[in-house]
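Numbering (the numbering used here), first residue to last: 16 to 191. Since the structure comes first, as structure tokens, the remarks are kept for the end.
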Amino acid sequence: MITLLTPKNCNNEFSLLSPKLSSPKEDHGLNFMVNKIRQNKFTPITHFKFTDCGTPEDILQVLSLKMIPESPIIGELVTITIAGQLTEDVEEGSVVKIKVSRDTEKLYDGELDLCTEFLDVRCPLVKGPIEIKHSFVVPTDVPAGRYFINAHLLTNDSRPIACLDVETILREKHFF
């Protein structure tokens, strides 16, 4: 099937019609989407899902986790912000047990020092409200795909601080 792109009324509008269609009224495909975009009724393709997999007894009660952009692009800046409430101080020696997979492929299953290797966290973390914000450029050697991250944060005596499940789509940069 061939799609024709034809000028419409010479005012920089275009009509996208299939040769099988006899009139623009019959075209509910691309023209429909273009009109929705113009009306700001089209939701951009993004995917970001955060789940607090912890319990009410965890030391950190996570109130929000945001990633901007929600579908990061390889080679571009991403900012992650975690906000919550600590019910007690968190000391050095705390760890993050983290699992990362892309689609169905396991990429990493290991442990990081919470205070020196995880985001921009520096211990001790003091009881009360907390916001951790970390920005980084997605490395260009990381492949695009759907990523799943599970992080269990534990104190230096193995008590649960928090549990986070994150799912996002990492996209390639397109130049057009």
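Glycine included, C-beta positions come from ideal geometry on N, C-alpha and C. What you are looking at is a predicted structure, and each value in this text was computed from that prediction instead of being measured.
- Task: Could you tell me the distance, in whole angstroms, from the CA atom of V49 to the CA atom of G108?
- Result: Since pLDDT at V49 reaches only 49, below the 50 mark, its modelled position is unreliable, and no value is offered.
- Item | Backbone secondary structure at C178 - three-state DSSP | DSSP, reduced to helix, strand and coil, places C178 within a strand of the structure shown.
- Take I83 as the anchor and find which of I113, V77, F65 has the nearest alpha-carbon. It is F65 whose Cα lies nearest to the Cα of I83.
- Task: Can you have a look at G125 and say buried or exposed, based on whether 16 or more other CB atoms are within 10 angstroms of its CB?
- Result: With fewer than 16 other Cβ atoms from the protein chains shown falling within 10 Å of its own Cβ, G125 counts as exposed.
- Tell me, which residues are paired with K188 by DSSP? DSSP, once it has assigned bridges, lists no residue as partnering K188.
- What did DSSP end up calling E120 once you bin it into helix, strand or coil? Correct three-state label for E120: strand.
- Identify, in the order they occur along the chain, each residue of the same chain with its Cβ nearer than 6 Å to the Cβ of R117, setting aside the five sequence neighbours on each side. G160, Y162.
- Would you say E106 and K142 are within 8 Å of each other, going by their C-beta atoms? It is not a contact, given that the beta carbons lie outside the stated cut-off.
- Query: In terms of residues, what are the limits of the beta strand (DSSP E) holding E146?
  - Reply: It spans 143-152 - the beta strand (DSSP E) in which E146 sits, taken as one unbroken run.
- Looking only at C-alpha atoms, which of V115, L80, L127 sits nearest to A98? Residue L80 is the option with its Cα nearest to A98.
- Taking P175 as the reference, which of I145, I147, K112 has the closest Cα? When only C-alpha atoms are compared, the closest one is K112.
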